[in-house]
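**Student:** Just so we're aligned, residue 6 is where the sequence shown starts under the numbering used here, counting upward by one. Have a look at this one.
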Amino acid sequence: YRSLPDVPSPLLYQDVLYIVRDGGILTSLDPATGEVLHQGRLPLGTHAYYASPIAAAGKLYLASEGGTVTVVRAGAQWEVLATNVLDEECYATPVLADRRIYLRTSASLYCFAR
6 YRSLPDVPSP
16 LLYQDVLYIV
26 RDGGILTSLD
36 PATGEVLHQG
46 RLPLGTHAYY
56 ASPIAAAGKL
66 YLASEGGTVT
76 VVRAGAQWEV
86 LATNVLDEEC
96 YATPVLADRR
106 IYLRTSASLY
116 CFAR
């Protein structure tokens, strides 16, 4: 696979490799062969992506520079579950701890929990 992102690290989760690039292009790949399994544009994914994707409980979380956080069902044929728009820019990778997601934006620190 030749089109790697500039900043975000790839994510290996449940035997699938995920890469997110600027413009909200999410790609799932076979980690052994590099074969593209699925590729598509995330809703409202027109911004750059500096934060690396994270995963837990069968879901991926992707935060764009523009403050859009997309929740995706993990899998070779991933599927968008939710799109959340914050009013602030996001450059930092979210953190998972104690069943919570911490997300730092340009002006705030958010904590999301069930």
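We put the beta carbon where it would ideally sit given N, CA and C, even for glycine.
1. If we count the other Cβ atoms within 10 Å of its Cβ and call it buried at 16 or more, is Ser33 buried or exposed?
2. Go ahead and label Arg105 buried or exposed: buried means 16 or more other beta carbons lie within 10 angstroms of its beta carbon, across all protein chains shown.
3. Which full runs of the beta strand (DSSP E) of 3+ residues lie inside the segment 39–68, going along the chain?
4. Quick check on the DSSP output: the beta strand (DSSP E) that includes Ala102 runs from which residue to which?
5. Can you look up Val74 in the DSSP assignment and give me helix, strand or coil?
**Tutor:** Considering the structure as presented:
1. buried
2. exposed
3. 41–46, 59–61, 64–68
4. 100–102
5. strand
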